[in-house]
Ligand SMILES: Cc1ncc(C[n+]2csc(CCOP(=O)(O)OP(=O)(O)O)c2C)c(N)n1
Ligand SMILES: Cc1ncc(C[n+]2csc(CCOP(=O)(O)OP(=O)(O)O)c2C)c(N)n1
Ligand code: SF4
Ligand code: SF4
Ligand SMILES: [Mg+2]
Ligand SMILES: [Mg+2]
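Protein chains in written order, with the working numbering: chain W, 1 to 617; chain E, 618 to 1234; chain H, 1235 to 1586; chain U, 1587 to 1938.
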């Protein structure tokens, strides 16, 4: 459809991967531009990993440092697991965006700025004393100033939009530049625009015009000396889409409920960065998904428990402060032995902390954070798309073992996205097993001899009326019991039930040598970075493996012996050593911690450095 | 005053210690009788340890098994640390009391029953098919049936009380029997009656008459073949009183606040077994103690934080379910770095559990139970009277380190009592140090270089206006900061501040050999039992020591090296291994757990057996 | 197969629909452990009676509670039951009802459970008009924790935790329910079982949240709190029995009544000072405005008698009804959800 | 040395009492981070103005909040401040006020913070009549979490979390405050700063809980929610400005008013259908009964204009006042506590 003449001397350079960051004011549409770029890179077959970075203010004053919004993505011709340590290309739509993002740019990287925005007023808002485009502040980078505002305005003039609406198209101008730079097609974006703005033709046309103008401008002005090409990655064949972690978690819950043949009842209280799960699920009414926006996290958790008692798949989602609030209700779910899934999307704590920043510091709370002996399984997703599988797994374990399950995600996974090979529902396990029992055999705490789960019998079932609750119950009969020996027995049974889950989960698998100098252990969203770092180190002489854990309580049964096969152990996590505590307690293995809490994922460099330091000890 | 003729052939037997249990219907006044006996034993110089056992129902039907109330005490001529494994003497005021308590009685022990209550109706209420007094069920014990109801009625007849009131005196009849049996004076009880019933002369006279009648009856009927004598223990000189753990905790808080020169603001929501702390403190208005009965535990904790912010000693008290609810608020106290004391009186969990039974299962929650990295000191009292010292210590640490502190007590300590050498307030440390700063130096997060505590400056102070809260704050200035490096720094500083407390607490001291075969480690209320068991084992050949921990986070600084000096380690606790987890993580010491959750303290026998088993491994 | 059937295990036993049940059938095997003489026994009996009377199948009834003496209620009902955590019963019931909207769901709570720790959930339940029946057993004290004051304890009450008397204005359960727009609001008292039976039956028939404050005597910690309205010799003078559409009268001979002076109520004696029956305020439980109901609820001793009966009874859509309606409309509009379509939505591409 | 002095560090700087302060003095160095155009700016300005106006020393003022856009308020005040956790501001303020009763304590909360998660604390604070001022910034949405519905969102509102429209009746902040017996209850709107200033001043002078609902426009997620009462062209027809002792009138020419038909309000136009000024309902904020206040609060569009101003203003003893009174009486009666006596109480004995 869109044929642009190639500038004569276009030079192509083949690279394995590339990292780009789009940055601008919150109103500049950087998330959209970044997502479009990511979609296209995905479609042409690259592996893509993204990391949005929102300001914590809803809408900080235009042009202010607090209002800068960023979107970084890495795409590659093979597995990429991280959005990249440092971007090679930075789009900075105004001075504030430049100020905030420049420190991250790779030395010698490309800075594309919208020079029109570098006015005295904007420079002042960004606390620049002099114009960085001219005062040498960008020496050491490749600066490409483009009058984007003006060019965009010219391109969209024919559509007769208001000045404000016209100006809002300039993210597509930037996108056009980016697509040219990486030799990506315009076509899919144009199609997307046609669909998205089917009810607003002027906007559709304006955005398309701006996109083309950017592409064309790059082409004709020979803005870039070279065009980079990233070949398609070798992915398993199949149909793909990109998913954020929150979307994936929502889908995982829906699919699991359907596979269990029960309605999903998701009760939640909004909180960053978990709210999107509630928002996504509230759209799936035709799947009989019942979303309850509760008055607080306690009500949400308790309502989900009520839903489970009545036979639905009860689930709730939250972030740190909400997990703290749910502690007592989780104890109730432990005692009543009802299935429940809690998706906890971690953010930087303690307390309100840094609500829009990522962290992995709720692991200890998930494992230990209830009064009394109240064990429950804890899972963690490794990548955005893995939130789908782990949400499904959480439901599976919850039903099979009649237990609350905590699934840990985090703000990096929740907002980041990656390509996902679309699951085939029928290929997923059938979860409709528990709850099929005859009233003659029924006793509320008569356990399955293998799983130790009690039967799940919902109200409405004739002849099985029973009462449960937070008081200790007699073994089998479920009558209230204050008897000491029974309490000890029930406490031990509850613990044993959770411990037995270890038999029902995949063993831990080392990536790399099966024994050697060092094993790097990680969990959750650090997966990508640690894997990349270990891969890098594996090119050297040291025998280094990576063990990534998705089941944190109980651990995979082979974990202890596995870890002992390496001379040293490094545990990398974005907290002060919570997994390390669990591992030391469990296996009495000494371990060094790599621990940073800076509101962002590790950089590959940090992990590589720590590995080398550990190898040299 | 009261001179009774001694029966001619009274035989005295000297014993080192004795264990007696009074058991009857909730309405029978067994707690009162037991407490009086304990007071008297204390006054004559014995060490005394008590354990009340209430029914979980408020007032179960008279004569029912659920309505049995018991009170056990041990008294000795040397340190006793436990209420005794098994009573040697059991007072059973009705069939239900016999049924419930007989299994605990020592073989060959004495059973004193009120035979008047062994009616057909009462036997049925107690699920007895035949009368145990006559069907041989008590073979192997020494049964002493006494028509207590009748004798009591006769004794109190002259005072003309109603039948119901008259019958309620019979606990004093039983007490009279007990006093004779152990050769204890009546005088203090009579004095107590005179004071207590100064406004109700008939009741005073009736109780006194019943008491004398019991004593006299034992004397004249030669009911017992012998009288047991327990010589006074060697206690440090001074004035003594008996304190329950909850009374002691309340007093500790008041004294600490006074020593800090600040009002105590205690906000709490009633919950068994912590309510008495609130109730005690609500009486101390002339000490400027401000008790707030909150609408829930969250409000209580948050109000205490508000009180601390405004310069008072903010404290709250609760039990397991309430501790779970306070998790989020505790995170706020960690982040705002305000002093706060949480007294958590543990009970059997999880969830509502067995609310009137004891357990030690909130340790993990206390240490780890908040989202994010939110470290705080955790203390545990060892005995009822130790609750005084540890409450004081909690306030000391809270102020000095500007941190919330959790003090763990439990239902056994809370309701149990022991003699306490009355503290001299002036001998206790002056806590008025922090908060004295000049506004010119002031910055809300400018830390003391030694303790790392920030200054405590309350509203009302001119020139120091500042704002704090749950969002991360910039080092020193206390401005809101979303900056990653600052967050890492502050997170590390908060952790380091708590870790440094180790320098400020007494080292762990082994009881027994400084190195050897086995160290038994315990914490909290297991102190007495474990100490007694270790003492017993120490009479044998094995080198066994006892290390008892009152500071659980951080540990005393010498703990690691100390524990390594023993070949093996046994950790005894009424949970499934929570301290064991902390120790293994911290010191990578293998350790066996002795873990029972039966709603009661360990028995000495259980611990001795476990020690032997461990020694034989 | 309807959703609800999916949730059940294979019933081998006939559903109760087929049976005719008596009060006894609703008694669970668990021994009732309230203190002898506790006011809760009467409530338990009347509830068992009401369910039997109305032919509610036992397997379709769910009792949900928090923590407190009163909250032990579910254990004593031979129905489904869940004894939750303190204060959260309305939220538990919310989940139960939304999972299976055709259950008959009963929340039993106390003045501490429902109005202290649980006040917020109660309010939100009522404003949502969830179709459940809420029985708030108000004994003006925390019974289970042995006698501290509660949010309904009268100002100045001396208890274990208020040795110098409370310094808080008590909360008015009925006023709170009205402010939260509950669609059925009533008050009854443990001692008048006939009255209680009528109110329970009306609540059970009501669609939407039915809130009933039940004055309940705690013989141990607040004995006699309601003597004025329970004692046969005094009660006629101290209580109004509300009847929809009837003038507000009270007194043993029914000669006293309430009139309105502007917006202020006043007590009159019929025949005295010219007061006639036509002047009396007439009860209307069905009017959408809350003014009358709130005014009646504000009548309090010593100045006024206390009102019992149904203050307000309105038909409004229920939360569970609307929830299922949105689901059904979605299914009607888009068809029953198709997982493959859901998973394959948005921008997708093939890799081969 | 009084208790309060004990709590302070040595002031080297003069207390503000000595100074005359301006609004500027109440501005903190922290940059205000609300969205441009957010309705909260007006509130902040008026509060700073009010404190300066009344000469409140900065060190004596404490701002306490929960979580939400509105709850960032304390950071912007150059006073003491504590930004707590979500929904718990009233409980925080309770502790602050009971530790130092002579502080001027302000709670700032939102419709989510104060009425969703925090509804219960709010109610209990009001019924206790704690002497604090509560500003509830109602924008009918969760702003900080980016636009889900809140408990005050109108029925049917479509938001991110209610794509098919909400199915819950909104809660009425003023009705809840009245039911909880708050002693000062008012409503104002961000756009009318003069009105807000008067209400703030009255609240600050009030002893006891002063509850003010402030309608506040969220330009991002619920823009225009209050246009009827903020737009200069429409507002006169849609709002009543309550004045104690004055008849209830509205309309640009003040010719419309409210009369009472039985217990139901009705709109009349003076001079039409015989309606005269004397027939109009007259506002009385000082009457102990809540009926009038609740009736005025129930006036709602589209049928009625909405009422602004002070609904209720009563003098009652405050919680903090009573608490300190009990302490002072105890000291008067028993003398200032003597630790040695306290510790040595009960049965004691000597060991030597
Ligand atoms: C989270 C939590 N806090 C406190 C308690 C202790 N507690 C149990 S029942 C109760 C009050 C019950 O009062 P109410 O609801 O009036 O019931 P009643 O016993 O009077 O019937 C309290 C505070 C608890 N079980 N859980
Ligand atoms: C315990 C907890 N739950 C949820 C959140 C997320 N959260 C922050 S603000 C907010 C709602 C705020 O609404 P409102 O009080 O109306 O404030 P606004 O932003 O509209 O001014 C929520 C749900 C949180 N911070 N803490
Ligand atoms: S304590 Fe009171 S409320 Fe509880 S069971 Fe006994 S009488 Fe009933
Ligand atoms: S999101 Fe709304 S309430 Fe929040 S600052 Fe922006 S305009 Fe104000
Ligand atoms: Mg009660
Ligand atoms: Mg809001």
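For each residue, glycine too, the CB sits at the ideal point set by N, CA and C.
These figures come from a predicted structure and were not determined experimentally.
Check, Outcome
"Contacts of residue 981 (chain E) in chain W (Cβ-Cβ under 7 Å)", "368"
"Helix, strand or coil at residue 47 (chain W) according to DSSP, with G and I counted as helix", "strand"
"Ranges of the beta strand (DSSP E) found wholly within the segment 325–358 of chain W, counting only runs of at least 3", "340–346"
"Supposed close pair residue 353 (chain W), residue 942 (chain E) - CB separation, criterion 8 Å", "Not quite, the Cβ-Cβ distance comes to about 20 Å (not below 8 Å), so this is no contact."
"Neighbouring residues, chain W, relative to residue 1294 (chain H) (Cβ below 8 Å)", "459 and 460"
"Closer than 7 Å: residue 1697 (chain U) CB and nearest ligand 2 heavy atom", "yes"
"Beta-carbon neighbours of residue 581 (chain W), restricted to chain E and to distances below 7 Å", "1202"
"Assigned secondary structure, residue 16 (chain W) (DSSP; H/G/I helix, E/B strand, else coil)", "coil"
"Interface positions of the segment 894–919 of chain E facing chain H (Cβ-Cβ less than 7 Å), listed along the chain", "895, 896, 899, 900, 902, 910, 912 and 913"
"Own chain residues within Cβ distance below 7 Å of residue 608 (chain W), not counting five before or after", "533, 536 and 537"
"Neighbour flag for residue 316 (chain W) against chain E, beta carbons, 8 Å", "no"
"Endpoints, the beta strand (DSSP E) within which residue 240 (chain W) is located", "238–244"
"Residue 715 (chain E) classed as buried or exposed, judged by whether at least 16 other C-beta atoms fall within 10 angstroms", "buried"
"Per DSSP, the bridge partner or partners of residue 1034 (chain E)", "E:861"
"Completely contained beta strand (DSSP E) runs for the segment 1513–1582 of chain H, where each covers 3 or more residues", "1540–1547"
"Per-residue burial, residue 200 (chain W) [other beta carbons within 10 Å of its own, 16 or more giving buried]", "exposed"
"Cβ-Cβ distance between residue 67 (chain W) and residue 50 (chain W) below 8 Å", "no"
"Integer Cβ distance of residue 1476 (chain H) from residue 1543 (chain H), believed to fall under 8 Å", "3 Å"
"C-beta neighbour in chain E for residue 1757 (chain U), strict 8 Å", "no"
"The segment 1902–1909 of chain U / the segment 886–898 of chain E touching (three or more Cβ pairs under 8 Å)", "no"
"Interface positions of the segment 1327–1356 of chain H facing chain E (Cβ-Cβ less than 9 Å), listed along the chain", "1346, 1349, 1350, 1351, 1352 and 1353"
"Coarse secondary structure for residue 620 (chain E), derived from DSSP in three states", "Legend: pLDDT at residue 620 (chain E) = 43, less than 50; position of this residue unreliable, no value from coordinates given."
"Whole-number beta carbon distance between residue 857 (chain E) and residue 669 (chain E), since they are thought to touch under 8 Å", "Not a contact, Cβ separation roughly 20 Å."
"Sufficient close CB pairs (3 or more, under 8 Å) joining the segment 706–720 of chain E to the segment 777–786 of chain E", "no"
"Within-8 Å CB hit, residue 619 (chain E) to chain H", "No answer about residue 619 (chain E) holds up, because its pLDDT of 41 lies below 50 and its placement is not dependable."
"Contained beta strand (DSSP E) runs [length at least 3] in the segment 1066–1120 of chain E, N- to C-terminal order", "1084–1086"
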